[in-house]
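In the working numbering, the protein residues as written are 104 to 294.
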């Protein structure tokens with residue numbers, strides 16, 4: 104690193120064009136060094152931003168529940184991998200499309216009904232037909248999608264397919280009806 108120091112003269116001096124042209128490259132060199140540092144700093148910020156973006160996307164894609172984000176007009180802004188699996192529909196076909204075009208009417212009606220409610224709205228154990236043409240039982244959670252300044256910009260929808268769980272609970276209930284549980288009491292024998 105080089106430092107160039109200049110002292111202001113006591114009396115005004117007019118610099119000739121030739122003198123000024125001698126000093127100009129050193130001033131430009133200093134600006135170039137500063138720009139290089141700013142560029143390196145910007146590259147670090149971009150790398151950090153990309154790392155955080157990848158980290159967040161990996162979480163959303165790895166989770167085993169369907170997650171989608173809807174804008175204020177109920178158009179799909181985001182559709183994770185689990186939603187692709189549940190609906191057998193790739194995200195590129197859903198993005199920017201109205202949610203009513205891709206999700207069951209039962210969900211759309213229920214979500215419209217609770218649209219203005221504050222907080223989290225749960226639609227428990229609702230029946231819906233998935234794109235794979237099978238009837239599924241699911242739990243839907245609707246959250247407000249807000250910015251850091253708490254401005255509502257849409258809704259987040261989390262869908263959990265609980266079909267297998269409901270079927271197992273039904274089987275257990277049926278088994279209890281067929282084979283009532285016996286209360287076993289210890290028997291003490293004495294000679």
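We put the beta carbon where it would ideally sit given N, CA and C, even for glycine.
Going by the DSSP bridge assignment, what does residue i pair with across the sheet?
i, result
"residue 247", "258"
"residue 263", "242"
"residue 206", "For residue 206, which the question treats as bridged, DSSP gives no partner whatsoever."
Between the Cα of residue i and those of the options, spot the shortest distance and give me the residue it belongs to.
i, options, result
"residue 222", "258, 168, 198 and 189", "258"
"residue 172", "248, 275 and 191", "248"
"residue 246", "181, 252 and 218", "218"
"residue 254", "155, 175 and 170", "175"
"residue 197", "170, 209 and 220", "170"
"residue 212", "195, 194, 243 and 157", "243"
"residue 225", "181, 250, 266 and 262", "262"
"residue 205", "266, 139 and 181", "181"
Give the DSSP-derived three-state secondary structure of residue i in the structure shown.
i, result
"residue 218", "coil"
"residue 271", "helix"
"residue 252", "coil"
Please tell me whether residue i has its Cβ less than 8 Å away from any Cβ of chain B.
i, result
"residue 174", "This model lacks chain B altogether; it includes just one protein chain."
So, at 8 Å on beta carbons, what are the nonlocal neighbours of residue i in its own chain, with the 5 sequence-adjacent residues on each side left out?
i, result
"residue 200", "178 and 179"
"residue 187", "193 and 194"
Skipping 5 residues on each side, what residues in its chain have a beta carbon closer than 7 Å to that of residue i?
i, result
"residue 167", "185"
"residue 163", "170 and 183"
"residue 276", "none"
Does the beta-carbon of residue i, which I'm using as the reference point, lie nearer than 7 Å to any heavy atom of the ligand GDP?
i, result
"residue 249", "With respect to the ligand GDP, the structure shown offers nothing to examine, as it has no ligands at all."
Identify, in the order they occur along the chain, each residue of the same chain with its Cβ nearer than 6 Å to the Cβ of residue i, setting aside the five sequence neighbours on each side.
i, result
"residue 160", "none"
"residue 150", "none"
"residue 260", "171 and 245"
### Any alpha helix (DSSP H) of 4 or more consecutive residues that is wholly inside the region 116-198
120-165 and 184-190
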